[in-house]
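Undergrad:
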Amino acid sequence: MSRPRITSHDVARRAGVSRTTVSLVLSGSGRVALSPETRKRVMRAAEDLGYKPNSAARMLVSGNSETIGLVVSDPSILLVDAFIPQILYGIERANREMGFHVLVEGLGAEERPGAYDHLVESRRIDGLIVLNPRVGDEALVSLIEKGFPLVLVGSVRHKDEVSVTFTTRAAIGAAVEHVVALGHRRIGAVTFSPRGYTSRDARLAALGAAMVGHDLHLDEDAITDGNFSAESGHRAATTLLERRPDLTAVFAGNDTIAIGVLSAARALGRRVPEDLSVVGFDDLPFAPWLTPALTTIRTDGVRQGTIAAEMLFARLGHAALHPPRVRLEPELVLRRSTGPAPD
């Protein structure tokens, strides 16, 4: 005769608490303040009865939370950057398949020193994925050097980091070759963020290097910084085009910024692509539907997020990673926002 299935009602009766309290304790919820004694009583009752509901049960046996922390280096990005949801989807899907949960934290490292340590030491998470890290983030470097299971979506250029990023030189080089072939010689850039973000600086460096290869120079006054949002792209592009009205092509740091560049061009009476060619980066789902359809560099944020999660699972399972730093190759997608340079 089979043994009756143990339920949360049985645990509640054994611990002398409500079924809701059992659910809150076993799910690890911090929404309701429960005394340490109550939590211990519920955990002991569940263990004595052999009650093992999904991940809560595995946590009892393994001591792991089966939760990963997902840290966004600047929480304001979540409001405005359309690429981040692509990465989040890939991470969440991979975690769901593995039976893990994702704890999302917004982090301004300069405003919240020790926030990484708080996440780690609280034992709420088994590992971390950090999106868009800043070079020079000492707290993050410290975690890397301690060997904590950590994967970067981006890079801090540390020799021991585990990371997944996109290469930039080949695709940006192809984009520069494309606009130069169209006759453009005066080229500017609106970055997607202030200085200090690795991908921002890498894209700008690749643009400058590609231009040098065509005997051109990316002038300092032909560069303005956006701040993740389309609105900031509009402001930055307006400043740039008023300062340098001779520019005939602008590289936007990403497609969200490109929306702002297109808007600024319209406001200043600059037709795209007749007067100004615009190139984006990411090829987000809206890019083909902009007016005009956006020439851009295609990346795959879902794949990047999925790979980051799989790399973290490998680290949690103490599996070797070959290579520990994955570089994905983007490609140029030609649409109608680029055209021949005006006479």
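FYI, in full-length UniProt numbering the residues of the sequence shown are 1 to 343.
The beta-carbon is built from N, C-alpha and C at its ideal position, and this holds for glycine as well.
Fair warning: this is a prediction, and the values are worked out from it, not measured in the lab.
(1) Would you say the stretch 180-195 touches the stretch 209-217, given that touching needs at least three Cβ pairs under 8 Å?
(2) Can you tell me which of the three DSSP states Phe192 falls into?
(3) CA-CA distance, Arg327 and Thr167?
(4) List the endpoints of the continuous beta strand (DSSP E) containing Glu331.
(5) Can you list, in chain order, the residues of its chain whose CB lies under 6 Å from that of Phe251, leaving out five sequence neighbours each side?
(6) Do you know offhand how far Thr165's Cα is from Val179's?
(7) Rounded to whole angstroms, what is the Cα-Cα separation between Gly173 and Ala237?
(8) So what does Leu207 bridge to, in DSSP terms?
(9) Candidates Pro36, Ser35, Tyr51: which alpha carbon is nearest Ala12's?
(10) Given that a residue counts as buried once 16 or more other Cβ atoms are within 10 Å of its Cβ, and exposed if not, what is Ala265?
(11) How about Thr299 and Ala287: do their beta carbons lie closer than 7 Å?
(12) Could you say if the stretch 34-44 and the stretch 93-101 meet the contact criterion of at least three C-beta pairs nearer than 8 Å?
(13) Going by C-alpha distance, which of Val333, Gln304, Glu138 is nearest Phe281?
(14) Leaving out the 5 sequence neighbours to the left and right, which residues in its chain are closer than 8 Å to Glu329 when beta-carbon positions are compared?
(15) Rank Arg271, Ala175, Asn132, Pro342 by C-alpha distance to the C-alpha of Phe228 and give the top, closest one.
(16) Return the chain-ordered list of same chain residues with a C-beta closer than 7 Å to the C-beta of Arg270, the five sequence neighbours on each side being excluded.
TA: According to the structure data:
(1) yes
(2) coil
(3) 6 Å
(4) 331-333
(5) Ala189, Leu207, Val279
(6) 25 Å
(7) Gly173 and Ala237 have their C-alpha atoms some 22 Å from each other.
(8) Looking at the DSSP assignment, Leu207 forms no beta bridge with any residue, so it has no partner.
(9) Tyr51
(10) buried
(11) no
(12) no
(13) Val333
(14) Phe166, Thr167, Ala170, Ala171
(15) Asn132
(16) Leu241, Leu276
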